[in-house]
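As they're listed, the protein sequences go chains B and G.
Here UniProt numbering is used: the first residue of the first sequence is 1, the next is one more, and so on.
Here UniProt numbering is used: the first residue of the second sequence is 1, the next is one more, and so on.
Glycine included, every Cβ here is placed at the ideal spot set by N, Cα and C.
Every value quoted in this text rests on a predicted model; they were computed, and no experiment measured them.
The structure appears right after this line, and notes come after that.
Protein chains: 2
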Amino acid sequence: MPEIGADVDPAELLTVAREEARLGAREGGVPIGAALFGSAGELLGRGRNRRVQDGDPSLHAETAAFRAAGRRPHYRDTIMVTTLSPCWYCSGLVRQFGIPRVVIGEARTFTGGHDWLAEHGVRITVLDDPECAALMRAFVDRHPDLWHEDIGAGHS
Amino acid sequence: MPEIGADVDPAELLTVAREEARLGAREGGVPIGAALFGSAGELLGRGRNRRVQDGDPSLHAETAAFRAAGRRPHYRDTIMVTTLSPCWYCSGLVRQFGIPRVVIGEARTFTGGHDWLAEHGVRITVLDDPECAALMRAFVDRHPDLWHEDIGAGHS
């Protein structure tokens, strides 16, 4: 089997996830975006964190993109692109559904389970994108409470 | 801090998740149910796998119950109850959100990440409930394709 996404530019794929993160920021939400692509770079689903917008704690960016892609028999030929290193919840999604490749905007403001995924054979690309990091940094500075809530680390 | 759920009977909590699994079976869905409880056994949210019913691959039983519970600042005083050993996706949810205790109906028909959760300090109780296992066995026998799809192991 050829390498998944051999002919696609990870930075190009990230533009869709970053656009979702920007939309989330404008809405006052947690500015994390994601998109699921097929192996040739075709978009299957895109989404952003919806905790604030919908009051839904289950929709992280990756799970929102996964949901938007709808039912598929398997994910062995897909690429998950996310603006931020995936938390354990979203890393678990990637592992369970056998998504073979993950492109990450940045892992500076938060590091989730991407090393764990790499240990389990997932190909990881971290782009260290300045805009993705700037969006997160601005949000966490202004709304530390919301960010902590989003990763289950809130105060009582 | 007192032990989470010290005064609750795990088998009693399971009745709610099992009722969700039964409803799912009647709807033709993947018969897995879950419920999130507070430390004194108060119900916070309940749900069932909704792949078939809603065409939504992101709603496993545990994520549906988590969603139904709505936004909370943290989950350090909650108990996740599920009829089946949680897959990596749902195990990741438990770990990320710091849910300290998981009650599992059965782990015979499928074993997910509950040993991994135990290694990371989550208290795991497996009840080996015959009805939970019978619901799953009947479903997997009749719809192996749907079951494999639900765990990302479907055929092309």
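query                                                                                                                                                        : result
Below-8 angstroms beta-carbon distance, L93 of chain G vs any chain B residue                                                                                : yes
Nearest candidate by alpha-carbon position, reference G112 of chain G, set G:I4, G:A68, G:L43 and G:D150                                                     : G:D150
Cβ contact check for the stretch 134 to 145 of chain B and the stretch 7 to 16 of chain G: 3 or more pairs under 8 angstroms                                 : no
Chain B within 8 angstroms of D56 of chain G, Cβ atoms only                                                                                                  : yes
Exposure label - R46 of chain G; buried when at least 16 CB within 10 Å                                                                                      : buried
Every unbroken alpha helix (DSSP H) within the UniProt domain "CMP/dCMP-type deaminase" (8 to 124) of chain B, with a cutoff of 4 residues, ordered by chain : 10 to 26, 51 to 54, 61 to 69, 88 to 96 and 114 to 119
Residue environment, A138 of chain B, which counts as buried when at least 16 other CB atoms sit within 10 Å                                                 : exposed
Proximity test, Cβ basis, 8 angstroms: E119 of chain B and chain G                                                                                           : no
8 angstroms Cβ cutoff, W88 of chain G in contact with chain B                                                                                                : yes
R101 of chain G classed as buried or exposed, judged by whether at least 16 other C-beta atoms fall within 10 angstroms                                      : buried
Segment limits, alpha helix (DSSP H) that includes V131 of chain G                                                                                           : One point to set straight first is that residue 131 of chain G is Glu, not Val, in the sequence displayed. That run of the alpha helix (DSSP H) goes P130 to R142.
Distance, E20 of chain G Cα to A25 of chain B Cα                                                                                                             : 36 angstroms
G28 of chain B versus N49 of chain B - alpha carbon distance                                                                                                 : 11 angstroms
Proximity of L93 of chain G and E119 of chain G at Cβ, strictly below 8 angstroms                                                                            : no
Interface residues of the stretch 26 to 56 of chain B facing chain G [CB-CB below 7 angstroms]                                                               : R51, G55 and D56
Cutoff 8 angstroms: T109 of chain G Cβ touching any chain B Cβ                                                                                               : no
Status (buried if at least 16 other CB within 10 Å, exposed otherwise) for G154 of chain G                                                                   : buried
A153 of chain B: contacting residues in chain G (beta-carbon distance under 8 angstroms)                                                                     : H74 and G98
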